[in-house]
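Trainee: Counting from 1 along the sequence shown, just add 1 to a position and that's the residue number in our numbering.
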Amino acid sequence: MKINKNYLLLSIILPLFFIACQYRVENLGVFGTSRLEHVLGQDGVTSIPFSDEITLWTFGDTITGSWKKEVSPDAPFAERAAMTGMIHNTLAFTEKVTENNITSLKFTYYREKGKLVSFLKHKPGENPTLDRLWAFDGIRIDNRVYVYYVHVYIENPAKALSFRVKSVGLARWDIPAGWKPGDPVSFVRLKDIFTGAPPAFGAAVFRKDGYIYTIGQYSTRDFRAPVKIARVPVEHIEDSGSYEFLTGNGSWTRIMLKGDSFLNDVAGECSLSYNEYLRSYIIVYCQVFSGKVILVNFEDFAGLNRAEKKVIYEAPSVRVEDKVQAPWYYSGKEVISFGKTMYAIYIHPTEYQPYLLRIRLGTIR
2 MKINKNYLLL SIILPLFFIA CQYRVENLGV FGTSRLEHVL GQDGVTSIPF SDEITLWTFG
62 DTITGSWKKE VSPDAPFAER AAMTGMIHNT LAFTEKVTEN NITSLKFTYY REKGKLVSFL
122 KHKPGENPTL DRLWAFDGIR IDNRVYVYYV HVYIENPAKA LSFRVKSVGL ARWDIPAGWK
182 PGDPVSFVRL KDIFTGAPPA FGAAVFRKDG YIYTIGQYST RDFRAPVKIA RVPVEHIEDS
242 GSYEFLTGNG SWTRIMLKGD SFLNDVAGEC SLSYNEYLRS YIIVYCQVFS GKVILVNFED
302 FAGLNRAEKK VIYEAPSVRV EDKVQAPWYY SGKEVISFGK TMYAIYIHPT EYQPYLLRIR
362 LGTIR
């Protein structure tokens, strides 16, 4: 039988075309450049819907000081900036995030007596230098805002990644009537939700069908970096005993150790969300040792074990300045989605800046 060469060519090209068109990714550069009027660098960047007009943002380690040169990968950080301190968590507000303003947001940072400060405070007996409270994601429920945080202990400040997770906590802010940005903010640290070196739950939080879902990464002795997924009824968010953990077959258990581990190659924080456009769950993360941005989507939790890891972005290789720094990107995660357009970030390890990606999801299912 004679085969038409044009049809043969199309049969090869078309599948490749559709695979390539499943998503389109643009790097929009450093996210939130107005932040740099207040800080030198940050990680742990997370957005929390606050009201119809306002978005709340939490950050992990925040570097303070002054600039010598503009932010650029072409010069070492020490040449660009004069660092004066590192705050272990910070809080800011912007106008409500939209597709039109996400690249031009104006950040208003929480301050006390005019000074940038942590909104999660140390307790007596905690060492401000070694006990770090890294703010994660959260949720507003009526007139309360909850923020998850990870209590980490720095074991060797001179060594990269030399820390251990002590616990995962939850902080609550009861919003006063008439509150507006610039007014005092008072988060109270509640009793720890998880103790005993747990996964860093709280990295992402969303509400669906009466539950709050969250995800947390951890490291194993055999150098894997998996995640666990947890959920809790909305009304029991403060009750550690009400949390359930995902198993490989899609069921849930109250025993964390019986919850299964997934992915095994997650560098730092990641995101877990439900995308209405795709009608599926989405995990976005940076891959350990490569820094590639990975997207995983699945229609239900029973499908996570079988879900494909899709490399959606690969940034240029990193030039490290000293042995303390790790030479790969980390904490890739979704910031917000609008229909078939997702915005995600990853952290540059030597610039200490989040970079913003615009991802057109297309037919990624």
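We treat Cβ as the ideally placed atom computed from N, Cα and C, and that holds for glycine.
1. Please say whether S168 and P199 have beta carbons closer to each other than 9 angstroms?
2. Straight-line CA distance for P355 to K259?
3. Using three-state DSSP, classify H237 as helix, strand or coil.
4. Counting along the chain, where does the beta strand (DSSP E) carrying F78 start and finish?
5. Excluding the 5 residues preceding and the 5 following M343 in the sequence, name in chain order all residues of the same chain whose CB lies nearer than 7 angstroms to its CB.
6. Can you list, in chain order, the residues of its chain with a C-beta nearer than 7 angstroms to that of G211? Leave out the 5 residues immediately preceding and following it.
7. Tell me, please, whether the stretch 119-137 touches the stretch 28-36 by the rule of three or more beta-carbon pairs shorter than 8 angstroms.
8. Let me know the secondary structure DSSP gives R208 once reduced to three states.
9. In the DSSP assignment, what are the bridge partners of K334?
10. For S67, which residues does DSSP report across the bridge?
11. P355 by DSSP, collapsed to three states: which one?
12. In this structure, does DSSP put I296 in helix, strand or coil?
13. Whole-angstrom Cβ separation of T215 and A205, contact assumed at under 8 angstroms?
14. Could you tell me whether the stretch 240-254 touches the stretch 277-295, where touching means 3 or more Cβ pairs closer than 8 angstroms?
15. Tell me the residue span of the beta strand (DSSP E) that contains H89.
16. Ends of the beta strand (DSSP E) at R141?
17. Suppose the cutoff is 7 angstroms on Cβ atoms and the five residues either side in sequence are ignored; what does the same chain contact list for N28 look like?
18. Under 8 angstroms: do the stretch 168-179 and the stretch 91-108 share three or more Cβ pairs, one atom per stretch?
19. Tell me which residue opens and which closes the beta strand (DSSP E) that K124 is part of.
Mentor: On the basis of the coordinates in this document:
1. Yes.
2. Looking at the two C-alpha atoms, the distance is approximately 34 angstroms.
3. H237: helix per DSSP, three-state reduction.
4. Segment F78 to R81 is the alpha helix (DSSP H) holding F78; no beta strand (DSSP E) there.
5. Listed in chain order, the non-local C-beta contacts of M343 below 7 angstroms within the same chain comprise E335, I360 and L362, local neighbours out to five positions each way being set aside.
6. Cβ neighbours of G211 beyond the five flanking positions: P234 and V235.
7. Because the criterion of three Cβ pairs below 8 angstroms is not met, the stretch 119-137 and the stretch 28-36 do not touch.
8. DSSP places R208 in strand when its eight states are reduced to three.
9. For K334, which the question treats as bridged, DSSP gives the partners I346.
10. Looking at the DSSP output, S67 bridges to A83.
11. Strand, per DSSP.
12. It is worth fixing the name first, because residue 296 is Leu in this sequence and not Ile. In the three-state reduction of the DSSP assignment, L296 falls in the strand class, which pools E and B.
13. Rounded to whole angstroms, the Cβ separation of T215 and A205 is 6 angstroms, and the two are in contact under 8 angstroms.
14. No: the two stretches stay apart, fewer than three of their Cβ pairs being nearer than 8 angstroms.
15. According to the DSSP assignment, H89 belongs to no beta strand (DSSP E), since it is labelled neither H nor E.
16. Looking at the DSSP string, the run of the beta strand (DSSP E) that includes R141 is D132 to I142.
17. Y356 and L358, listed in sequence order.
18. The stretch 168-179 makes no contact with the stretch 91-108: fewer than 3 CB pairs, one atom from each, lie closer than 8 angstroms.
19. No beta strand (DSSP E) contains K124, which DSSP labels as neither H nor E.
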